[in-house]
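Under mature numbering (1 follows the signal peptide of the UniProt record, and there is no 0), read the sequence shown as residues -30 to -1, 1 to 366, first letter to last.
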Amino acid sequence: MSIAGRARLSPRASLVLLASILVSFLAASAAPTPLYGIYQERWHFSPVTTTVVFAVYALAVLASLLTFGKLSDHVGRRPVLAVAIVVQMVSLVIFVFANGVPTLLAARLVQGLAAGAATGAVGAAMLDIDRARGTLANSIAPGIGTGSGALLSALLIQFLPAPTRLVYVVLLVILLIQAVGVALMPETVTRMAGARRSLRPDIELPRSVRGPVLVVVPVLFAVWALAGFFGALGPALVRALMNTSIVVGGLVLFVFALFGSIAVVLLRNTAARTVILTGIGALILGMVVTLVSVMAESVPGFFVGLALGGVGFGAGFQGSLKTIMPLVEAHERSSVLSVLYVVCYVGFGLPTVIAGFLVVYAGGVPRTADEYSVAVILLALIALLGVRRATRVSPG
């Protein structure tokens, strides 16, 4: 590990800055969620369009991860982060001036490209500085970012003017401050040759982690599939269960992310295999509670299931990272993290699009929630079988 240069930020301050950048990127990705209902009313599109907009983001993240995921291992973390922040700011400007579905799609596309480029670089940089705290920050930041972005957006919509613009302006200011921080932080990795070659899309993994990655793939897919569903259709599901304000709709992602973050903190010193099994168990229990609650039209029960699902997300994601990242060399961190996030975003986007079609053509939001809950339970059981059959899972 090399932390050198004339930058003025200490390693600890740099770690905090990097974690805040990851939070901001995830907050920006979640900020449109409470707004989809407003967009839908203004521009008259169906739930299928909502999930397509959601999936465009996921596909853009995937393309960016596959193309730029290894770049920071070669050119350094700071240049990749600086460019990613600028591109993210461009996406927010497009959101501010969005006037229809095409511009909404364009904003999500640009946002996904920025997020994909930043994810591997910021995650690897945190591990460069402090492997233990970096792993914890990588696990907890997605939950904090997703939850805070959705809730901030909902509160601004409910209580302040310019509901479709203000949250993006706030995020623009935050990102501008963080860009200054990136200019002041030290580089955390030594540059090496091969930058152009690293841009060729591939999902190559070091031999030492291929077996463990196969174990955690079903876990990552299952927990991110659940996150995708609640992100795209959670507010609509709450509206279907009860007539309520946008703030309550925004609470869906906030509660999910809050309990995911709590799980990460409480389980931070627990062995990786135990964390994964805890996550799978919470995921299954949460989906059973959600299934029963939607059938009974119980909003309190739905939020209990949502909280349990959040625990499953946080623990499943954290346990997967704790299983893989201790096995990875410094110069492989960005590329391996990018591969893991490819799995995450396939799970995040693909099932959500299917859910959108089911909403329109197979019985509406509540019935789709029932079917999706069953599907996630089956995915979790497959993940459980894989973990239990694994001959060896690296300790956390």
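Glycine included, each C-beta is placed from N, C-alpha and C at the ideal position.
For residue 49, the enclosing alpha helix (DSSP H) begins and ends at 47 to 66.
Membership of residue 282 in the alpha helix (DSSP H) is indicated by the continuous run 269 to 294. Distance from the CA of residue 336 to the CA of residue 159, rounded to the nearest whole angstrom, comes to 49 Å. Per DSSP, reduced to three states, the secondary structure at residue 157 is strand. If you draw a straight line from the Cα of residue 59 to the Cα of residue 143, it comes to about 9 Å. By the C-beta criterion, the segment 297 to 314 is judged not to be in contact with the segment 240 to 259, since fewer than 3 inter-stretch pairs fall below 8 Å. Going by DSSP, residue 257 is part of the alpha helix (DSSP H) stretching over 242 to 266.
In this structure, DSSP gives residue -22 a state outside helix and strand, which the three-state scheme calls coil. Per DSSP, the continuous alpha helix (DSSP H) segment holding residue 24 begins and ends at 17 to 38.
In the three-state reduction of the DSSP assignment, residue 340 falls in the helix class. The alpha-carbon separation between residue -20 and residue -8 amounts to approximately 18 Å. One thing to note: residue 187 has its Cβ within 7 Å of the Cβ of residue 313.
Straight across, the Cα-Cα distance linking residue 240 with residue 91 is about 26 Å. Here the segment 306 to 323 does not lie against the segment 150 to 158, with fewer than 3 beta-carbon pairs under 8 Å apart. Put simply, the backbone Cα of residue 248 is about 23 Å away from that of residue 321.
Annotation for residue 170: no alpha helix (DSSP H) segment contains it, and DSSP assigns it neither H nor E.
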